[in-house]
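Residue numbers (my numbering): 293 to 424.
Accompanying notes for the structure given below.
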């Protein structure tokens, strides 16, 4: 009887230890992957709007800073984009995400843009677009 109770307590302790280990290691990694996918989905929507030449929808994903960059002609929101390819992505120290995107254009050749997304009230928006 005492042995059964001792085994039960050891089992509970072991399971609790495993749960804490999973909670500390695995759950943050899963949350990070989910956040990365969410950010990539916003970037994909933005780029698809540009490919489809849907200026209004693409503008809806820009922050004030990106809108100012656009008005200063630092990048073209709508151009002869035929497709795009995400070359690299990384999370920055401040929580923003930086993507290097190759835009495939018709006759004018390809270009590379550095696009930074930032989180505002639980949603991601395009905060900067620079030609590389």
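Ideal Cβ positions, reconstructed from N, Cα and C, are used throughout, including at glycine.
Where the alpha helix (DSSP H) through residue 316 begins and ends: Looking at the DSSP string, the run of the alpha helix (DSSP H) that includes residue 316 is 294-343.
Continuous alpha helix (DSSP H) stretch holding residue 363: start and end: Per DSSP, the unbroken alpha helix (DSSP H) holding residue 363 starts and ends at 356-363.
Sub-7 Å separation of residue 331 and residue 389 beta-carbons: yes
Assumed close pair residue 374, residue 397 - CB separation to whole angstroms, cut-off 8 Å: At roughly 6 Å, the Cβ-Cβ gap stays under 8 Å, so residue 374 and residue 397 are in contact.
Distance, residue 345 Cα to residue 407 Cα: 18 Å
Through-space distance from residue 334 to residue 349, alpha-carbon basis: The alpha-carbon of residue 349 is positioned some 12 Å away from that of residue 334.
Backbone CA spacing between residue 361 and residue 418 [nearest angstrom]: Cα-Cα distance, rounded: 11 Å.
Residue span of the alpha helix (DSSP H) that contains residue 380, given as start and end: Where residue 380 is concerned, there is no enclosing alpha helix (DSSP H), although the beta strand (DSSP E) it sits in stretches over 373-383.
Simplified DSSP state of residue 394, which is helix, strand or coil: strand
Reduced DSSP secondary structure (H/G/I, E/B, other) of residue 348: helix
Cα-Cα separation, residue 305 to residue 416: 41 Å
Outcome for residue 358 when other beta-carbon atoms lying within 10 angstroms are tallied against a minimum of 16: buried
Proximity to residue 410 [Cα-Cα], best of 395, 319, 386, 403: 386
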